[in-house]
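Chemist: Residue numbers (the working numbering), protein chains in the order written: chain A, 473 to 769; chain B, 4 to 162; chain C, 14 to 797. Please read through the structure below; I'll follow up with questions.
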Ligand SMILES: Cc1cc2nc3c(=O)[nH]c(=O)nc-3n(C[C@H](O)[C@H](O)[C@H](O)COP(=O)(O)OP(=O)(O)OC[C@H]3O[C@@H](n4cnc5c(N)ncnc54)[C@H](O)[C@@H]3O)c2cc1C
Ligand code: FES
Ligand code: FES
């Protein structure tokens with residue numbers, strides 16, 4: 473057996489294309505043997521572990537606008553090369569999308585987040601990705617550059633299974649765009665790891681809510697669950713219940729029960745399915761309560 | 004195997020190097036420049052022993068390619084002292100007994116330096132959070148946390 | 014020294030001087046094993062390892078690997094028939110015919126790069142015949158279990174280890190003190206419990222690194238991250254069939270050891286491969302994943318306890334059956350079995366004790382020494398049973414311990430008379446500091462608070478006669494250089510050596526240098542850097558060497574000044590006469606001696622003090638009863654208490670406060686003593702809350718820091734208090750004894766006891782992860 477197929481990184485070629493067009497072309501030409509490189513924090517680990525065998529890593533961090541973090545009346549655009557620490561430190565993010573900053577802050581360590589990107593987190597499509605839930609909850613879309621130029625790809629439904637997304641050969645996500653947050657919104661990200669900080673999620677719960685007169689309860693909630701299903705899981709039944717019933721602790725408790733019912737966790741080294749189910753319930757309830765306190769403050 | 008010619012500054016001095024694509028910044032520092040103060044404890048971003056400053060921000064040098072550092076400025080533990088004068092964090096970590104085996108120390112110092120650069124007056128919780136990516140098996144951390152606090156105080160006194 | 018009363022304690026003994034290695038370590042200058050530069054001639058080794066926990070090796074084909082360009086050598090067990098091992102020689106360097114754990118080395122490659130070596134490893138074809146395995150020590154000890162070492166009866170073994178050939182039991186240690194059977198009837202309360210302690214690992218942040226070069230004439234040089242250069246010299250020589258003096262081990266700073274870099278493990282692989290590429294250095298570096306799979310682990314333990322007390326709370330009897338899950342090779346583990354046996358009463362005065370401690374071969378990773386050497390594993394269950402006994406007779410747990418804990422003059426479990434010890438003082442101070450008997454309200458409605466306390470004792474576990482030696486040389490500038498063979502692994506031994514030399518000689522601490530790195534060709538002999546024995550044993554050797562140098566200096570000056578030695582002293586680096594009030598600085602007499610008046614010649618010359626120490630009084634124990642006059646050199650005792658808060662929503666246990674008190678005899682450097690207490694507490698806490706090697710049919714499930722979590726800066730209580738108690742050791746330097754390991758011995762038990770205090774549940778086997786605590790609360794109906 474080989475404990476380490478590669479004690480350090482295996483051989484590959486680092487490609488630094490001059491333009492997005494060139495990058496997409498290259499990636500499409502070498503489909504199956506090349507992948508886009510943002511921070512590399514997932515890529516390098518998987519290549520060293522012998523899980524990925526790409527011949528080419530195509531650096532996209534410096535291409536047209538991928539390094540920009542911009543906030544305009546149409547929303548927030550996070551370039552693929554923007555690292556998580558920049559997002560956390562951004563005054564605009566702190567003011568308008570505090571949920572995203574909170575989620576990013578729970579990723580690994582400060583030094584890892586100097587490299588790790590939100591776009592990488594999304595494209596990696598790990599069920600444990602901490603920042604994906606917030607991006608979905610805000611109704612994010614991905615700006616994708618492919619062989620046929622730019623297109624928008626909604627985040628909803630983007631992750632297909634662990635590590636699998638809707639991206640096609642040649643596709644490069646240049647940015648993730650979040651529309652302006654709904655007025656009066658508030659959100660919470662709760663992550664349970666084994667350590668107080670720094671672990672991957674045993675369970676992660678993202679809640680975003682905003683007043684909505686069209687909902688019977690007066691509020692619309694979005695709930696996304698990490699590490700309890702093959703993809704970031706939206707707790708639809710719980711969301712519907714919260715739109716329909718008067719809000720308060722009983723409603724949150726019931727929603728939490730529905731959320732737990734919806735998930736299909738597995739046993740792994742971090743936690744058992746049984747514990748995860750229980751923790752989805754506890755954390756959903758707590759996240760709803762904390763969000764509610766922020767909403768009604 | 005593609006090699007790339009890169010130039011960068013390391014601890015203030017300019018380097019011109021040929022590096023293969025897959026060479027990490029950590030390997031470049033240790034194997035090409037013999038800057039062995041930066042340690043390898045996992046090669047996978049988990050232990051923080053390899054932490055260096057890249058353009059002023061701390062990174063796990065085991066998860067950065069050397070070729071990605073074209074034009075960058077890198078500071079390692081060897082570059083913390085200026086003109087023979089130790090950085091305050093190097094002094095306080097000794098004063099507080101925050102060094103035992105010393106293997107985590109270079110990474111701890113870099114993470115601490117980076118924290119103090121972005122936040123000259125961190126709370127105790129800020130410090131602990133900033134050091135979460137630096138594992139230490141010897142000290143139990145508290146003395147390192149004390150050292151960072153003391154270092155912040157000393158810097159404030161000087162400013 | 015301690016015979017003088019009151020002890021005359023010179024400066025800087027007892028002073029918290031800064032570490033002598035600190036400057037190097039904060040500037041990146043300190044050299045560790047992986048930092049040594051070998052130039053372009055360096056070759057890199059990688060190891061082919063068994064994927065099976067237990068299998069016969071039918072065939073190994075290395076031809077494809079050998080043909081790979083860049084490969085310089087491929088070796089297998091065929092090439093190295095010798096057996097090796099510290100207490101029991103049960104280990105080949107590479108497997109011969111049989112693999113016994115997942116990761117067992119089957120073949121090794123040297124190549125011009127690590128990547129080529131690894132590629133070559135994948136080209137080695139091995140045909141295995143998988144065999145049924147042993148994954149539970151109790152099962153392993155039964156006659157039904159597959160036999161892992163059919164040749165056990167032929168292995169060389171030290172005379173205090175008792176293997177049972179024809180079984181998987183490689184040591185059976187017994188205690189029969191008093192009569193347990195008749196004592197049960199007199200007990201008012203009896204507690205009977207089983208604890209399963211998981212395997213854990215040391216996880217030093219520096220993995221194992223070794224570089225070896227073998228010359229044409231067979232001489233071996235090994236550069237390694239090592240706690241035991243001299244033991245390695247001897248063990249490697251045995252394995253290769255060469256003479257120990259033909260092996261040179263050079264050991265720079267160690268980036269954390271905790272036991273896993275004691276004895277020999279992967280270093281032998283590097284040396285073996287190097288024999289096939291003579292003249293070229295070969296480096297073997299364990300990756301973190303390999304470290305998890307193949308470096309020493311702390312053995313698992315299944316412990317059955319039965320203990321009883323009378324209605325006043327006096328402990329009457331204890332019966333322990335300990336099954337050590339010692340792994341594939343037990344060359345070192347056999348002595349953990351012994352040590353846990355001879356200390357199996359815990360730090361208590363118990364008239365009737367019966368213990369059976371079994372070292373059992375399993376198809377798990379190789380058990381080795383880890384900080385505490387069996388004591389944390391033992392105390393984890395034992396100290397919870399003590400709590401339960403106190404509960405049963407409605408006695409306060411501190412009062413119960415105060416009544417029963419060991420005191421000077423007691424006849425301990427092996428029949429030895431206990432030396433003076435400050436355990437009671439440790440207990441009282443710890444209880445006071447944690448606010449025993451007082452319950453603070455929890456910080457939130459969904460939390461519950463509790464306090465727990467536990468005691469410990471531990472003796473250095475080693476052969477009866479492990480020696481230390483030291484040299485103290487005067488330099489021309491009046492400084493002194495101390496040479497020792499004891500390693501600096503973070504615990505501060507070099508600083509202690511410097512302080513002891515400074516104190517015994519009479520020079521300022523700034524004037525003392527410690528010769529580094531350790532090198533078996535130049536450093537004086539030291540058995541091993543283990544067992545918390547250096548401050549005591551090496552300290553004695555350094556003190557003796559410094560006094561020898563001092564005597565030489567005083568004799569010289571007495572002669573030059575025509576005075577009596579009794580009137581002279583060395584103070585602050587100067588020889589002074591209390592009589593003539595003359596003074597001369599050491600730099601005036603070092604190396605060149607003293608000129609006689611009128612150019613009439615010289616007296617003196619280079620001053621070199623030498624000293625050694627070896628305990629001579631440890632006796633054997635009766636194999637049937639474990640009784641004998643003196644089983645060990647001494648015991649360090651202590652207590653720990655914690656306050657915890659359990660989150661009822663998640664099961665997460667937060668340690669709010671920790672208090673430690675240990676009797677160190679004399680704190681040579683109080684700050685470093687407290688550093689050991691804190692670091693050990695946090696390591697113990699980390700094992701209590703997070704750590705276990707998850708082994709499934711012998712296969713490790715969590716071989717990385719992502720999956721095997723240890724405590725981070727955010728998990729540690731801000732409030733950790735460390736209290737030094739000093740009841741002098743009669744043969745320690747200024748009364749000192751060790752503290753390195755002890756601080757993590759009682760921690761798991763103290764935390765478990767506090768969890769019980771908080772939620773009323775004994776969660777059982779550590780680690781007390783949030784999940785385990787939550788599910789226990791769920792099953793008990795405490796949460797919905
Ligand atoms: C020690 C450690 C701890 C970690 N802890 C956490 C944690 O707590 N929480 C968490 O969520 N994650 C964690 N991670 C995982 C990782 O850091 C994150 O997923 C990170 O956000 C990935 O971003 P990146 O830029 O480094 O991605 P990369 O590694 O560059 O890429 C990841 C994947 O996305 C693809 N990709 C990257 N950029 C693009 C693009 N522009 N267009 C198309 N595809 C692209 C890549 O090809 C690759 O398949 C951890 C990783 C490590 C090593
Ligand atoms: S070596 Fe880079 S984080 Fe461990
Ligand atoms: S001092 Fe040894 S790992 Fe931190």
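Backbone N, C-alpha and C define an ideal beta-carbon position, used for all residues, glycine too.
1) Under a Cβ-count criterion, where at least 16 other Cβ atoms within 10 Å of its own Cβ denotes burial, should residue 447 of chain C be classed as buried or exposed?
2) Does the stretch 65-74 of chain C come within contact of the stretch 274-290 of chain C, defined as at least 3 CB pairs closer than 8 Å?
3) Give a single yes or no on whether residue 50 of chain B has its beta carbon closer than 7 Å to a heavy atom of ligand 3.
4) Kindly list the residues whose CB is nearer than 8 Å to the CB of residue 603 of chain C, restricted to its own chain and excluding five residues on each side of it in sequence; keep chain order.
5) Counting along the chain, where does the beta strand (DSSP E) carrying residue 142 of chain C start and finish?
6) Quick check on residue 80 of chain B - is its C-beta less than 8 Å from some C-beta in chain A?
7) Thinking just about the alpha-carbon of each residue, which of C/144, C/152, C/682, C/137 is nearest to the one in residue 371 of chain C?
8) On the DSSP letters alone, give me the boundaries of the beta strand (DSSP E) that residue 365 of chain C sits inside.
9) Run down chain A in chain order and give the residues with a C-beta less than 8 Å from the C-beta of residue 38 of chain B.
10) Looking at the C-beta of residue 6 of chain B, does it have a partner C-beta in chain C at a distance below 8 Å?
11) Are the stretch 669-678 of chain A and the stretch 6-23 of chain B touching by the rule of at least three beta carbon pairs closer than 8 Å?
12) Just checking, does the stretch 71-90 of chain C make contact with the stretch 480-488 of chain A on the three C-beta pairs under 8 Å criterion?
13) Which runs of the alpha helix (DSSP H) spanning at least 4 residues fall entirely within the stretch 506-579 of chain A, listed in chain order?
14) From residue 173 of chain C to residue 584 of chain A, what distance separates their C-alpha atoms?
15) Step through the CB atoms of chain C and report whether any lies within less than 8 Å of the CB of residue 754 of chain A.
16) Is DSSP giving residue 154 of chain B helix, strand or coil here?
17) So residue 21 of chain B is in the beta strand (DSSP E); what residue range does that whole segment cover?
18) Is residue 829 of chain C near ligand 1, judged by its Cβ being under 7 Å from some heavy atom?
19) Can you tell me whether residue 636 of chain A is buried or exposed? The criterion is at least 16 other CB atoms within 10 Å of its CB, across all chains shown.
20) Could you give the DSSP three-state label for residue 331 of chain C: helix, strand or coil?
21) Tell me which residues share the same chain as residue 577 of chain C and place their Cβ nearer than 8 Å to its Cβ, disregarding the 5 neighbours each side in the sequence.
22) Distance check for residue 440 of chain C and residue 141 of chain B, CA to CA, integer angstroms please.
23) Helix, strand or coil: how does DSSP classify residue 760 of chain A here?
24) Assign residue 407 of chain C to one of two classes, buried (16 or more other C-beta atoms within 10 Å of its C-beta) or exposed (fewer than that).
25) Classify residue 691 of chain C as buried or exposed, calling it buried when 16 or more other Cβ atoms lie within 10 Å of its own Cβ.
26) Taking a contact to mean a Cβ-Cβ separation below 8 Å, would you say residue 752 of chain A touches residue 708 of chain A in this structure?
27) Counting only C-beta atoms, is residue 142 of chain B closer than 8 Å to chain A at any point?
28) Quick check: is the beta carbon of residue 283 of chain C nearer than 8 Å to any beta carbon in chain B?
29) Against residue 46 of chain B, what residues of chain A qualify as contacts under a CB-to-CB distance less than 8 Å, listed in chain order?
30) Just reading off the alpha helix (DSSP H) that residue 698 of chain C is part of, what are its end residues?
31) Quick check: residue 480 of chain C and residue 626 of chain C, are their CB atoms within less than 8 Å of each other?
32) Would residue 703 of chain C pass as an interface residue toward chain A - the criterion being a Cβ-Cβ separation below 8 Å?
33) When the cut-off is 8 Å and only beta carbons count, does residue 52 of chain B lie next to chain A?
34) Give a yes or no on whether the C-beta atoms belonging to residue 537 of chain C and residue 498 of chain C are separated by under 8 Å.
35) Whole angstroms is fine: what's the gap from residue 59 of chain B's alpha carbon to residue 586 of chain A's?
36) Determine, using beta carbons only, whether residue 728 of chain A and residue 756 of chain A come nearer to each other than 8 Å.
Modeler: Considering the structure as presented:
1) buried
2) no
3) no
4) 487, 488, 489, 490, 491, 619, 620
5) 138-143
6) no
7) C/152
8) 365-374
9) Simply none; closest approach about 17 Å.
10) no
11) no
12) no
13) 515-520, 556-561, 563-568, 570-577
14) 51 Å
15) yes
16) helix
17) It spans 16-23 - the beta strand (DSSP E) in which residue 21 of chain B sits, taken as one unbroken run.
18) In the structure as shown, chain C starts at 14 and stops at 797, and residue 829 of chain C therefore has no counterpart that could be examined.
19) exposed
20) strand
21) So the qualifying residues of the chain are 571, 592.
22) The straight-line gap from Cα to Cα measures roughly 25 Å.
23) helix
24) exposed
25) buried
26) no
27) no
28) Output row for residue 283 of chain C: interface = no.
29) 479, 480, 520
30) 683-702
31) yes
32) yes
33) no
34) In this structure, residue 498 of chain C lies closer than 8 Å to residue 537 of chain C by Cβ.
35) Using only the alpha carbons, I get a separation of about 10 Å.
36) yes
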